[in-house]
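Asks:
Protein chains in written order, with my numbering: chain A, -1 to 112; chain B, 110 to 221.
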């Protein structure tokens, strides 16, 4: 069983479109994250949810909206896609609290905006 | 002050060599320093981690050296193998901040 799974793995779309990426974890973790990895491999946190509550919202454009229907799911919706949004988006989860530092990552969604 | 600076950007060693990857930080509030390993097409995975109360931690062929006064830490891979070829990220965080700050990554290639 995959611990953190995200879909789709590849997403190719036109500028201006709206798209969503879904993430699910079966580890029973309380905290979930979205990270963005750019073409230079730099990893930067975007959002974090703990028990469905938003706890980290980095300086991300309002076009990005995370949604956590329950603590096992964290989806990312992106409106009006731009060329600069092309990147690999990783979902991750952790137990939270004192052991929140160990992140379990999904395999990533490679987004290409044309 | 929240940055973690990592070097080198890329590294090539022969099988059996000992690649060393270095990281430096400014924020003295950081109290947890993990290393993540990422293979192409996969997400990063935790490799080894250290807290500032020890100067070294070893797990198998992987060793972290930590210098609290210099605010630096490094990863050593003993007897490196071609299967170790991957991108390595150092990271840091503090308390239960929920925010892991990653270095810029080092692409390691171990030649057979």
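Built from N, CA and C at the ideal position, the CB exists for glycine as well.
(1) May I have the straight-line CA-CA distance separating residue 135 of chain B from residue 213 of chain B, to the nearest angstrom?
(2) Rounded to the nearest angstrom, how far is the Cβ of residue 189 of chain B from that of residue 122 of chain B, given a contact under 8 Å?
(3) For residue 148 of chain B, which of A:104, A:110, A:76 has the nearest alpha-carbon?
(4) Closer than 8 Å is the cut-off here; do at least three beta carbon pairs connect the stretch 83 to 93 of chain A with the stretch 11 to 27 of chain A?
(5) Would a check of beta-carbon distances place residue 76 of chain A closer than 7 Å to chain B?
(6) Determine the burial state of residue 176 of chain B: buried for a count of at least 16 other Cβ atoms within 10 Å of its Cβ, exposed for fewer.
(7) Flag this pair as touching only if the stretch 15 to 25 of chain A and the stretch 113 to 121 of chain B have three or more C-beta atom pairs under 8 Å; answer yes or no.
(8) Which residues, taken in chain order from the stretch 197 to 209 of chain B, show a beta carbon closer than 7 Å to some beta carbon of chain A?
(9) Can you find at least 3 beta carbon pairs, one from the stretch 124 to 141 of chain B and one from the stretch 41 to 56 of chain A, that sit closer than 8 Å?
(10) Using the beta-carbon of each residue, which ones in chain B are nearer than 8 Å to residue 100 of chain A?
(11) Relative to the C-alpha of residue 2 of chain A, which residue among A:75, A:101, A:74, A:62 is closest?
(12) Who are the Cβ neighbours of residue 15 of chain A in its own chain at under 7 Å, not counting the five residues just before and after it?
(13) Quick one: complete beta strand (DSSP E) runs, 3+ long, within the stretch 123 to 195 of chain B?
(14) On the DSSP bridge assignment, give the partners of residue 43 of chain A in chain order.
(15) According to a CB-to-CB cut-off of less than 8 Å, which residues of the stretch 34 to 49 of chain A neighbour chain B?
(16) Below 9 Å between beta carbons is the criterion; list the residues of the stretch 167 to 178 of chain B that meet it against any residue of chain A, in chain order.
(17) For residue 73 of chain A, collect the residues of the same chain with a Cβ closer than 8 Å to its Cβ; drop the 5 residues on either side in sequence, then sort them by chain order.
(18) Is the shortest distance between the beta-carbon of residue 19 of chain A and the beta-carbons of chain B less than 7 Å?
(19) Residues bridged to residue 2 of chain A by DSSP?
(20) Give me, in chain order, the residues of the same chain whose beta-carbon lies closer than 6 Å to that of residue 142 of chain B; leave out the 5 immediate sequence neighbours on both sides.
(21) In whole angstroms, what separates the C-alpha of residue 203 of chain B from that of residue 210 of chain B?
(22) Answer yes or no: does any C-beta atom of chain A fall closer than 7 Å to that of residue 125 of chain B?
(23) Sorted by chain position, which residues of the same chain lie with C-beta nearer than 6 Å to residue 86 of chain A's C-beta, five sequence neighbours on each side aside?
Replies: Walking through what the data contain:
(1) Between residue 135 of chain B and residue 213 of chain B, the C-alpha separation is close to 15 Å.
(2) 6 Å
(3) A:104
(4) In this structure the stretch 83 to 93 of chain A lies against the stretch 11 to 27 of chain A, because at least three pairs of beta carbons, one per stretch, are closer than 8 Å.
(5) no
(6) exposed
(7) no
(8) 198, 202, 205, 207, 208, 209
(9) no
(10) Per Cβ cutoff of 8 Å: 143, 155, 158.
(11) A:101
(12) 79
(13) You should have 129 to 134, 142 to 147, 154 to 159, 165 to 168, 171 to 176, 181 to 186.
(14) In the DSSP output, where bridge partners are listed per residue, residue 43 of chain A has A:33.
(15) 38, 39, 40, 41, 42, 43, 46, 48
(16) Listed by position along the chain: nothing, the set is empty.
(17) 18, 19, 20, 21, 64, 65, 66, 67
(18) no
(19) In DSSP, residue 2 of chain A forms a bridge with A:23.
(20) If we look at residue 142 of chain B and ignore the five residues flanking it on each side, its Cβ neighbours are 159, 182, 201.
(21) 10 Å
(22) no
(23) 35, 106, 108
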